[in-house]
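In this note's numbering, the protein residues as written are 16 to 486.
The beta carbon of each residue, even a glycine, is placed where N, CA and C say it ideally should be.
Just so we're clear, the structure is a prediction, and the values are computed from it rather than from any experiment.
Down below is the structure, laid out as C-alpha cells.
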C-alpha cells in the first residue's frame, strides 16, 4: 500500500471499511500520519500533529470494533481542527505569538461531538493571526502553501484545513468562517467549504465579533461535508446563538430542476478578474442545463455591504490592540494597520454599525423571500496568488484591505445565510476557482442539494499526489 492510499479516501469510504472490518482504525491512522509527515514540510498546514493521541484513539477504536460496540457515524475517521478551537491538552494559539500557550482544559463542543461520533483528532491546522485575513501566513507558523502551487496562498483563515483537503490528506476538516474563512480557502484549494446558517454548529466559547462567525466543514465531497456537519450541528447551552434545527442531509437523488436561481456576477460593485468571471459564468450555465431557471440580478443590497463590512470588521478589533510597541512588533503588520484604522471606534459609531448590520440582514432576507431559491456568485474575485501578499500583484496595493477581492463572501456572514463554495474549474495557470451557492437562512439542505447536483454534473478532478511537489 502506498503512503496516502487510506488518507485520501472519503469519510464515507473509511467508515464503511472500518465497519466491515476490511481496514482497521490503526491502519488508517498509521497511513494518515505517514502522509502528514510527507506533506507537512511542503504544505506547512499543521500547527501541531498529535501522533501519540491519534494512535491511542485508533487503538481504542479498534478495541471497540472488536468488542462489537455500537459504532458512531465517524468511527475511525481522521479529522483535523483549526487552531482557534479548543482541543484538550493543546493551546489555542490562533496563529499569534501574543496568545496564551496554556493547554486547553477541555474540548470545544464541536470537537467533543466529533470525538463522541468516533472521529480521531490528528492535529490542529494553521491559520493567519486571529483569523483576521483570508490569506495563509501567520507570525506564529509562517506560510501555509497551496497544494496546487507551492509558494501560493491556500486562502484563509482556515488555511491549513483547506490545504490538506486539497492535497487529499485526511477527509474531514473543522473550519470557521467570519467573512469567508471556510469558503475562500475552499475556492483557492479546489474543495468544498460549507458555511451553514449561523448557529447551526455551537461556537464555544462564543466569539465576541458581533455574531458573524460560523463553524463549518471543509472536505473534498459534498457528502463528506454533510456527514461532518450532521455530527457537529445542534443546540448547546454554552452557545446562546445555537439553534435547534441541527442538520440532516437529504436522501436520494439531488435535483435542482425548476428551482429559481439568481445569478450575480458582481453583486453590483465587485471587481472580478476576467478569467475567474468566465469560469464561473460557464458553471452557471451548467446549472441552467440541469433544469434550473437562472436569472441575472443586481441586488440593491450588494453595494451596501462594502462599507458596512469594513466597519463591522473593525468593530471587534480593539481588544487585540497590542499593549506596547514590543508586542506590536510581534503582530502581523497588516493586522496592526487595520487596528490602527478602526481601533478607536466610538461606542456610538459601533452601536450604529450594529444597527445597520441588522437592517442589512433583514434586506437580504426579504430579497430571498421574494421568490429566490438560491443565489450564485463567484466565490472570490481572484485565483490563488503568492504568499506574503495581501492581494495579487495586478491589483492596487493595499495596507490591509484584502476584502476588495472577497466581496462575495461576507454578505452572508452579516445576514447569516448558508453558503458553500464548490470547485468549478481551473485557470490557465492550473489554479482552482470556486462557485458560491447561497440560500435563505435555515435552507441549508437546499444549498447542498445544489452543490451535489452541480458536482455530479461537473465532477472536479484532482491530480494524483497533489501537494507533494518539492518545496
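Q) Going by beta carbon distance, what residues of the same chain come within less than 7 Å of residue 99, once the five residues before and after it are set aside? A) 107, 109, 142, 146 and 191
**Q.** Contact between the segment 390-408 and the segment 163-183 (3+ Cβ pairs under 8 Å)
**A.** With the cut-off at 8 Å, the segment 390-408 and the segment 163-183 touch.
Q: Scan the segment 218-296 and note each continuous alpha helix (DSSP H) run of 4 residues or more that stays entirely inside, going in chain order.
A: 237-247
Q. Is residue 406 helix, strand or coil when you go by DSSP?
A. coil
**Q.** Through-space distance from residue 231 to residue 358, alpha-carbon basis
**A.** 29 Å
Q.
To the nearest angstrom, how far is the alpha carbon of residue 239 from that of residue 387?
A. 27 Å
Q: Spatial neighbours of residue 282 within its chain, please: CB distance less than 8 Å, with the 5 preceding and 5 following residues excluded, ordered by chain position.
A: Take residue 282, set aside five residues on each side of it, and the residues of its chain with a beta-carbon closer than 8 Å to its own are 313, 314, 317, 318, 320, 392, 422, 423 and 426, in chain order.
Q. Considering only C-alpha positions, which residue in the set 221, 209, 267 and 233 is nearest to residue 250?
A. Shortest Cα-Cα distance from residue 250 to any of 221, 209, 267 and 233 involves 221.
Q. Between the C-alpha atoms of residue 40 and residue 217, what's the straight-line distance to the nearest angstrom?
A. 28 Å
Q: Please look up how many angstroms separate the CB atoms of residue 306 and residue 272, rounded, as I've assumed it's under 8 Å.
A: Contact holds; Cβ gap of about 3 Å.
Q) How many whole angstroms separate the CB atoms of residue 487 and residue 152, which I take to be in contact at a CB cut-off of 8 Å? A) The first residue shown for the chain is 16 and the last is 486, placing residue 487 beyond what the model contains.
Q: Determine, using beta-carbon pairs with one atom in the segment 110-118 and one in the segment 68-80, whether at least three such pairs fall under 8 Å.
A: no
Q) Under 8 Å between the Cβ atoms of residue 229 and residue 210? A) For residue 229 and residue 210, yes; Cβs fall inside 8 Å.
Q) residue 126: beta carbon under 7 Å from a heavy atom of the ligand MG? A) The model on display carries no ligand, and the ligand MG is accordingly not part of it.
Q. In angstroms, rounded to a whole number, what distance separates the CA positions of residue 414 and residue 330?
A. Roughly 18 Å between the two C-alpha positions.
Q) Going by Cα to Cα distance, which pick from 468, 183, 81 and 448 is closest to residue 289? A) 448
(Q) Short of 6 Å in beta carbon distance, which residues of its chain neighbour residue 351, apart from the five on each side in sequence? Order them along the chain. (A) 343
Q: Using beta-carbon positions only, say whether residue 436 and residue 208 come within less than 8 Å of one another.
A: yes
Q: Look at residue 389 and residue 461 and say whether their C-beta atoms are less than 8 Å apart.
A: yes
Q | Endpoints, the beta strand (DSSP E) within which residue 111 is located | A | Unbroken run through residue 111: none, as it is neither H nor E.
Q | Whether residue 299 touches residue 278 by CB criterion (8 Å) | A | yes
Q: Can you give me the start and stop residues for the beta strand (DSSP E) that residue 61 sits inside?
A: 61-64
Q: Alpha carbon to alpha carbon, how far is residue 81 from residue 195? Give it in angstroms, no decimals.
A: 42 Å
Q: Starting from residue 187, follow its DSSP beta bridges and name the residues at the other end.
A: 94
Q: May I ask you to report which of helix, strand or coil DSSP gives residue 99?
A: coil
Q) Near residue 443, what residues of its chain come up, given a Cβ to Cβ distance below 8 Å and the 5 sequence neighbours on each side ignored? A) 290
Q: Determine the closest residue to residue 57 out of 225, 182, 446 and 94, with distance taken between C-alpha atoms.
A: 182
Q: From the DSSP output, in three-state form, read off residue 450 for me.
A: Strand, per DSSP.
Q: Compare the C-alpha of residue 431 against each of 439, 419 and 376 and name the closest.
A: 376
Q | Cross-strand partners of residue 160 (DSSP beta bridge) | A | 168
Q: Evaluate residue 31 with the Cβ neighbour count: other Cβ atoms within 10 Å of its Cβ, from every protein chain shown; 16 or more gives buried, anything less gives exposed.
A: exposed
Q: Run through the segment 416-462 for me and flag every whole alpha helix (DSSP H) of 4 or more residues, listed as ranges in chain order.
A: 426-429
Q. Just how far apart, CA to CA, sit residue 26 and residue 156?
A. Residue 26 and residue 156: Cα-Cα distance of roughly 28 Å.
Q | Assigned secondary structure, residue 83 (DSSP; H/G/I helix, E/B strand, else coil) | A | Coil.
Q) With 16 other CB atoms within 10 Å as the buried threshold, where does residue 223 fall? A) exposed
Q | Top-ranked residue by Cα proximity to residue 304, from 469, 140, 83 and 433 | A | 469
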